[in-house]
Structure formats: structure tokens, C-alpha cells
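Participant: Numbering-wise (the UniProt record's numbering), the sequence shown opens with residue 1 and increments by one.
Using N, Cα and C, we set each Cβ at its ideal position, and we do this for glycine too.
Note that this is a predicted model, so its numbers are computed, not measured.
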Amino acid sequence: EEAGKAKDALNDTDFEGRPLKIDEARPPRPRTEYRSRY
């Protein structure tokens, strides 16, 4: 799994002076439907 290797290689490294934190993607949360009051 190349994605896992890339994640492990880049996690906690510096990028332009800032530390990178690599997390796995999560599925989107369901949206609540808002109805317009107009």
C-alpha cells in the first residue's frame, strides 16, 4: 500500500517550517437539511 508508506514517511515532518500531521480521510458527515423561510 503506497498511500500508507507515503503517510508514514511524511507524518511529523516539517514543510516550510511547519510540522505536517497526516491523518486518514474520514467519510463526510451527513448534512442536516435547512429549509428557507422566505
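Report the rounded CA-to-CA distance for Pro30 versus Ser36, giving the unit in angstroms.
Facilitator: For the pair Pro30 and Ser36, the Cα-to-Cα distance works out to about 19 Å.
Participant: If Leu20 sits next to Asp12, beta carbons under 8 Å apart, how far is it from one beta carbon to the other, in whole angstroms?
Facilitator: 7 Å between Cβ atoms; contact.
Participant: Give the DSSP bridge partners of Arg18, in chain order.
Facilitator: Phe15
Participant: Terminal residues of the continuous alpha helix (DSSP H) containing Glu2?
Facilitator: Per DSSP, the continuous alpha helix (DSSP H) segment holding Glu2 begins and ends at Glu2 to Leu10.
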